[in-house]
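Residue numbers for the sequence shown follow this note's numbering, beginning at 81 and rising by one.
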Amino acid sequence: MIREEVKMILAGLPQGVTLVGAAKTRTPSEIMEAIDAGLTIVGENYVQEAEQAFNKIGNRVKWHMIGHLQKNKVKKAVTIFDMIETIDSMKLCTLVDRACKEMGKTMPVLIEINSGEEDQKAGVMPDSAITLIKEIATLSNIRVMGLMTMGPLTTDPEALRPCFRKTREIFDHIKDENLEGAEMKYLSMGMSDSYKIAIEEGANLVRIGTRLFGARDYK
Ligand SMILES: *Cc1c(COP(=O)(O)O)cnc(C)c1O
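Okay, structure coming up:
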């Protein structure tokens, strides 16, 4: 089942668009099945879950942090992840930078945009993105590689289009600035119900869980 779904999604992605398998709640063996079918990037929301899967699966795939990173999990996170997609504050970045320095590693990060401009939601507000990126670009062990956004929870994927479009505009704007220390390469937008719309709006990383693995069973 998982194998067929992964193959079908991969076959349907335009060239230049990469699948991130959103693996929260999935077992290492489910993740392995997806990898055997061609998945090359696993997205995890929780450091502890990622660690369990990483210990079994290791470096045959890339690991992306796609959940909110708690400050007390930064040290462990930088040992597991190849990219952190959910950076939204200088404070968090400073901790990631310091932990990476100790390991002699440079962490690629995406800046999470609160594209729905919702209170209480993760991500930096669109108007503050450039300022944050300029600040982060001064850190030596972090490399800004693009943007990520979720958009509001909605049952109508079309409602996300303006949020994706806005994020794309910020992406292009920052790219045009040619900031030293920021290489705008990845735009991570879209999930199971919205990835096609996200791709139309310029996404080149799509984070898909349910469509690959089936409905999540939160016990
Ligand atoms: C769970 C999750 C996804 C995937 O959601 P699906 O609707 O299951 O495809 C994508 N991105 C993030 C940040 C997630 O937490």
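Virtual Cβ for every residue (Gly too), placed ideally from N, Cα, C. All of these numbers come straight from a predicted model, not from anything done at the bench.
Nearest C-alpha to Glu165 among Glu84, Gly118, His148, Arg178: His148.
Collapsing the DSSP output to three states places Arg83 in a helix. Counting only residues of its own chain and dropping the five nearest sequence neighbours on each side, Glu215 has a CB closer than 7 Å to the CB of Met170. The C-alpha of Val224 lies about 16 Å from the C-alpha of Pro206.
In this structure, ligand 1 has a non-hydrogen atom nearer than 7 Å to the beta-carbon of Lys104. As a beta-bridge residue in DSSP terms, Arg223 pairs with Pro188. For Thr98, the CB stays at least 7 Å from every heavy atom of ligand 1.
The nearest non-hydrogen atom of ligand 1 is 7 Å or more from the C-beta of Arg241.
Excluding the 5 residues flanking it on each side, Leu259 has same chain C-beta neighbours closer than 6 Å at Ala217, in chain order.
In the same chain as Met81, and ignoring 5 residues on each side of it, the C-beta atoms closer than 8 Å to its own belong to Gly294, in chain order. With fewer than 16 other beta carbons inside 10 angstroms of its own, Tyr298 counts as exposed. Met145 has Glu124, Ile164 as its beta-bridge partners, per DSSP.
Going by beta carbons, Gly203 and Ile193 fall inside the 8 Å limit. Close CB contacts of Ala262 within its chain, under the 6 Å cut and outside five residues either way in sequence, are with Ile213, Ala217, Val224 (chain order).
Note: Ile213 is not bridge-paired with any residue in the DSSP secondary-structure output. Here DSSP, grouped into helix, strand and coil, assigns Ser195 to coil. Secondary structure note for Tyr266: its beta strand (DSSP E) is the uninterrupted segment 262-268. Between the alpha carbons of Ser195 and Met228 lies a distance of about 9 Å.
Just measuring C-alpha positions, the residue of Ile279, His253, Leu99, Lys185 sitting nearest Met264 is His253.
The three-state reading of DSSP puts Val97 in coil, since its state is none of H, G, I, E or B. Going by DSSP, Arg248 is part of the alpha helix (DSSP H) stretching over 241-257. DSSP lists Leu99 as the bridge partner or partners of Val286. Excluding sequence positions up to five before and after Lys185, its CB lies within less than 8 Å of the CB of Val158, Asn221, all in the same chain and listed in chain order.
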